[in-house]
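Accompanying notes for the structure given below.
Residue numbers (our numbering), protein chains in the order written: chain A, 14 to 386; chain B, 14 to 386.
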């Protein structure tokens, strides 16, 4: 883990770059707004910690009423439990003896749930649970439209749920029904239609299970792009929203019911960068490239300088195209960039530099960073 | 820094995933081949450590005859010097007092060179050098075609070189003349033509400097995609090749003089992944997504399984499309992926897991990992 590039109390302008900044005021408003929305809809909040990878943030979400968090990896679950989180859903399949053993051991320390979509994997989960004398709570992941992991809705889900329910050391706890592909459909109606289908698949599967005597106490899913539809569905009990705490440039391209970009949550996460070269009238280069901001969902956007565009990323450089009056940008000037995609960008850093009133107020370790063993 | 997911002596099949594997035999052959090519051409090798971020690998390159390494960041230079490397070129501009102070202090420990393309930055370099009582060797970066950093060839480069030469605490040491944009031009003739232009710009600039009494002992540049042209130019003294040690999927798309993909260096770097879901006849999902392999230059490629294609990356998942006889791929099976782009993929990991004869032989820390303060 690298040292943070800032000290508590330091003026923002002195923070060395590249750094991952968190605007603590905007972040706090995002926390509160989502908590309010969930409370209003009468659903539980289980934010996805894969976005922030930071137990400090997880604990703040829980202080705002979340029941716990979800994660994607055993290593993330370990980081959360070691950081004081008592309720963690691994919203993903966990495969292989080393990880299953760690999962079983972790279930001694906290309430841990995991997903499954394969009979052989259920047998392995059962073996690990019995070997370590724990009960693992298992959700069956259902493919509600993303065509990634998950068994098909209906009979295949029922069969796997029955297998889980009959396996020593396991308890069937419900359905994981997340539609990832729907999150970034740009149009409001597209997202609504995709989630209507997902809800229908989750509902019919739940009903089939209960008709067959398999209690299904939990249906969980949803993301920042669609959460209001799952919240209103009466089928989903929990929301697994992650990106809402930060908002990235990609999510900001989603359109609302009025056809305009959704501005429900604020950009609170920024890559702080320095202009390191100013070689031509219309060109500057900053020190934040591919190793400082993930470009899988598009380039980062320059914040609050409308005449400066981030047009190309190489490993350690960001190329800026300049127009109009902001041609005064000079070597040494610092910029705020809105990451294209927050999750993999956070994963490049070891620290959040929390900023309030233009000063460093907090340094939070990104202790679940990494590819996720 | 996370713990390695492997132990020395462990069979490859037991290494947990995602892991960054280094095939030590292929890596060794790449090391030797590039050393031989440089020796044959009579140019020095100064490999780019931004690709591997690992002092162990840097020292092996030096054992094979390299004069030192280059890097892009002060933090990388520090990691190299602390790891035993005695000669480091920061092939990049360094901006801001904190980094310049660290650079000056580092120059007490090892031979360190740095680039400049701005008069104000030269003044700052001079101030830091005199404040710390060191002499900093400075190369003027010339824009030889990449249109990123660098002053224009000819008179602007001469003016900056003269400024460096006349600045207290600085020594003008030559020209940084790297054409990054040429490295991935696919056609052999395209790359040759781009480097012919770069060589001409470097040559005329060097000649102008010397005509004006400014000695120019060093012209340095080149990358894995074009090195043979710079090596044959009689203008370049050093080659800054980086990716040759690993080879990634993107470089493997470059074509040679015969119109066929260049196969001069071998793929030695792999992301090791596990199939974690097998939900449909033609679909599998592995545990290596955006946080395990950078997709900025295209998806990773599945190694040695021609009927399996990596078709989509989400944060923690890689979607595999299956065809033909390899439909037997099962949950728990492990795969080798060739990263699309090696540098930012390496940057996601803390350890190389070195493999020989299907066993773990080495664990090398990626100690310069990070966005690079």
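Heads up, the beta-carbon is just placed ideally off N, CA and C, and yes, glycines get one too.
Please state the DSSP three-state secondary structure of residue 384 of chain A.
Here residue 384 of chain A refers to the residue found at position 371 when the first chain is read from its first residue. Coil, per DSSP.
Quick check on DSSP: helix, strand or coil for residue 259 of chain B?
Counting from one through the second chain, the residue named residue 259 of chain B turns up at place 246. Coil at residue 259 of chain B, not helix or strand.
When the Cα atoms are used, what is the spatial distance from residue 190 of chain A to residue 252 of chain A?
Locating residue 190 of chain A in the first chain gives position 177, where the first residue counts as 1. Locating residue 252 of chain A in the first chain gives position 239, where the first residue counts as 1. If I take the Cα positions, the gap works out to 10 Å.
Taking all protein chains shown into account, do 16 or more other C-beta atoms lie within 10 angstroms of the C-beta of residue 170 of chain A, making it buried, or fewer, making it exposed?
As a working note, residue 170 of chain A is residue 157 in the first chain. Flag for residue 170 of chain A reads buried.
Based on DSSP bridge pairs, tell me the residues matched to residue 126 of chain B.
Here residue 126 of chain B refers to the residue found at position 113 when the second chain is read from its first residue. DSSP output for residue 126 of chain B lists B:102, B:150 as bridge partner(s).
What residue range is occupied by the uninterrupted beta strand (DSSP E) comprising residue 184 of chain A?
Sequence index remark: in the first chain, residue 184 of chain A carries index 171 (1-based). Segment 183 to 189, the beta strand (DSSP E) holding residue 184 of chain A.
Taking its Cβ as the centre, do 16 or more other Cβ atoms sit within 10 Å of residue 367 of chain B, making it buried, or is it exposed?
Here residue 367 of chain B refers to the residue found at position 354 of the second chain. With 16 or more other Cβ atoms within 10 Å, it is buried.
Could you work out which residues of chain B lie near residue 134 of chain A, taking near to mean beta carbons separated by less than 9 Å?
Along the first chain, read from residue 1 onward, the residue named residue 134 of chain A stands at position 121. Those are 289, 290, 344, 345, listed as they occur along chain B.
If you check the beta carbons only, do residue 147 of chain B and residue 117 of chain B fall under 7 Å apart?
The residue given as residue 147 of chain B occupies position 134 in the second chain. The residue given as residue 117 of chain B occupies position 104 in the second chain. Going by C-beta atoms, residue 147 of chain B is nearer than 7 Å to residue 117 of chain B.
Can you pull out the residues from the stretch 362 to 374 of chain B whose beta carbon lies closer than 9 Å to at least one beta carbon of chain A?
Correct list: 362, 363.
For the pair the stretch 150 to 164 of chain B and the stretch 193 to 207 of chain B, tell me if three or more CB-CB distances fall below 8 Å.
They touch, by the three-pair rule.
When you compare the CB positions of residue 122 of chain B and residue 94 of chain B, do they come within less than 7 Å of one another, or not?
In the second chain, counting from the first residue as 1, residue 122 of chain B sits at position 109. In the second chain, counting from the first residue as 1, residue 94 of chain B sits at position 81. Against a cut-off of 7 Å, the Cβ pair of residue 94 of chain B and residue 122 of chain B comes out as a contact.
Apart from the five residues on each side of it in sequence, which residues of its chain come closer than 7 Å, Cβ to Cβ, to residue 139 of chain A?
Numbered from 1 along the first chain, position 126 holds the residue referred to as residue 139 of chain A. Excluding residues within five positions, the ones whose Cβ falls inside 7 Å are 180, 181, 182, 183.
Do we get a CB-CB distance below 7 Å when we pair residue 68 of chain A with the residues of chain B?
The residue given as residue 68 of chain A occupies position 55 in the first chain. It does not; no Cβ of chain B falls within 7 Å.
My understanding is that residue 212 of chain B touches residue 177 of chain B, with C-beta atoms under 8 Å, so please give their C-beta distance in whole angstroms.
Position 199 of the second chain, counted from the start, is the residue given in the question as residue 212 of chain B. Position 164 of the second chain, counted from the start, is the residue given in the question as residue 177 of chain B. That pair is no contact at about 23 Å.
Tell me where the beta strand (DSSP E) around residue 368 of chain A begins and ends.
Here residue 368 of chain A corresponds to residue number 355 of the first chain, with the count starting at 1. From DSSP, the beta strand (DSSP E) with residue 368 of chain A extends over 364 to 369.
Let me make sure I understand the geometry here. Which of B:263, B:208, B:201, B:187 has the alpha-carbon closest to that of residue 229 of chain B?
Taking the first residue of the second chain as 1, we reach residue 229 of chain B at position 216. Measuring from the Cα of residue 229 of chain B, the nearest candidate turns out to be B:187.
Just to confirm the assignment, what range does the alpha helix (DSSP H) spanning residue 218 of chain B have?
Walking along the second chain from the start, residue 218 of chain B turns up at place 205. Looking at the DSSP string, the run of the alpha helix (DSSP H) that includes residue 218 of chain B is 201 to 224.
Just to confirm my understanding: we take residue 385 of chain A, look at its own chain, exclude 5 residues before and 5 after, and list those with CB closer than 7 Å. What are they?
In the first chain, residue 385 of chain A corresponds to position 372, counting from 1. Hits under 7 Å: 85, 86, 88, 89.
Assuming residue 35 of chain A and residue 376 of chain A are in contact, meaning their beta carbons sit under 8 Å apart, how far apart are those beta carbons, in whole angstroms?
For this step, residue 35 of chain A is matched to residue 22 along the first chain. For this step, residue 376 of chain A is matched to residue 363 along the first chain. Rounded, the Cβ-Cβ distance is 10 Å, inconsistent with contact.
Rounding to the nearest angstrom, what Cα-Cα distance links residue 268 of chain B and residue 206 of chain B in this structure?
For this step, residue 268 of chain B is matched to residue 255 along the second chain. For this step, residue 206 of chain B is matched to residue 193 along the second chain. So the two alpha carbons sit approximately 14 Å from each other.
So, with DSSP's three-state summary, where would you put residue 21 of chain A?
By 1-based counting over the first chain, the position of residue 21 of chain A is 8. Three-state result, residue 21 of chain A: coil.
Please list, in chain order, the chain A residues whose beta carbon lies closer than 8 Å to that of residue 266 of chain B.
Here residue 266 of chain B corresponds to residue number 253 of the second chain, with the count starting at 1. Those within 8 Å of residue 266 of chain B in chain A number zero; the least Cβ separation is about 17 Å.
Can you name, in chain order, every residue of its own chain whose Cβ lies under 6 Å from the Cβ of residue 256 of chain B, other than the five neighbours on each side?
For the purposes of this step, residue 256 of chain B is taken as the residue at position 243 of the second chain. Answer for residue 256 of chain B: 64, 237, 264, 355, listed in chain order.
What span of residues does the alpha helix (DSSP H) with residue 145 of chain B cover, start to end?
Along the second chain, one-based indexing puts residue 145 of chain B at 132. Looking at the DSSP string, the run of the alpha helix (DSSP H) that includes residue 145 of chain B is 132 to 145.
Of the residues B:74, B:275, B:219, B:110, which one's Cα is nearest the Cα of residue 166 of chain B?
Here residue 166 of chain B is taken as the residue at index 153 of the second chain, counted from 1. Comparing Cα-Cα distances from residue 166 of chain B to each of B:74, B:275, B:219, B:110, the minimum goes to B:219.
Let's test the definition: count the other Cβ atoms within 10 Å of the Cβ of residue 6 of chain B and tell me whether it reaches 16, buried, or not, exposed.
The question about residue 6 of chain B has no answer here: the residues shown for chain B are numbered 14 through 386.
State the DSSP-derived secondary structure class of residue 266 of chain B, mapped to helix, strand or coil.
Here residue 266 of chain B refers to the residue found at position 253 when the second chain is read from its first residue. In this structure, residue 266 of chain B counts as helix in the three-state DSSP scheme.
When burial is assigned at 16 or more other CB atoms within 10 Å of the CB, is residue 16 of chain A buried or exposed?
If you number the first chain from 1, residue 16 of chain A lands on position 3. It counts as exposed.
Throw me the rounded Cβ distance for the residue 284 of chain A and residue 352 of chain A pair, which I believe falls under 8 Å.
If you number the first chain from 1, residue 284 of chain A lands on position 271. If you number the first chain from 1, residue 352 of chain A lands on position 339. Indeed, because the Cβ distance is near 6 Å, the residues count as touching under 8 Å.
Using a Cβ cut-off of 8 Å, pull out every chain A residue sitting near residue 340 of chain B, in sequence order please.
On the second chain, position 327 is the one that residue 340 of chain B refers to. Chain A residues near residue 340 of chain B: none, gap ~15 Å exceeds 8 Å.
Sort out for me which residues DSSP pairs residue 314 of chain A with in a bridge.
Looking up residue 314 of chain A in the first chain gives position 301. Answer by DSSP bridge pairing, in chain order: A:351.
So, does the CB of residue 378 of chain A fall closer than 7 Å to a CB anywhere in chain B?
On the first chain, position 365 is the one that residue 378 of chain A refers to. Closer than 7 Å: no.
Report yes or no: is there a C-beta of chain A within less than 7 Å of the C-beta of residue 207 of chain B?
Numbered from 1 along the second chain, position 194 holds the residue referred to as residue 207 of chain B. Closer than 7 Å: no.
Residue range of the beta strand (DSSP E) that residue 290 of chain A falls in?
The count along the first chain starts at 1 and reaches residue 290 of chain A at position 277. 282 to 293 is the extent of the beta strand (DSSP E) around residue 290 of chain A.
From the DSSP output, read off the bridge partner residues of residue 67 of chain B.
In the second chain, the residue the question calls residue 67 of chain B occupies position 54. Bridge partners of residue 67 of chain B: none, in fact.
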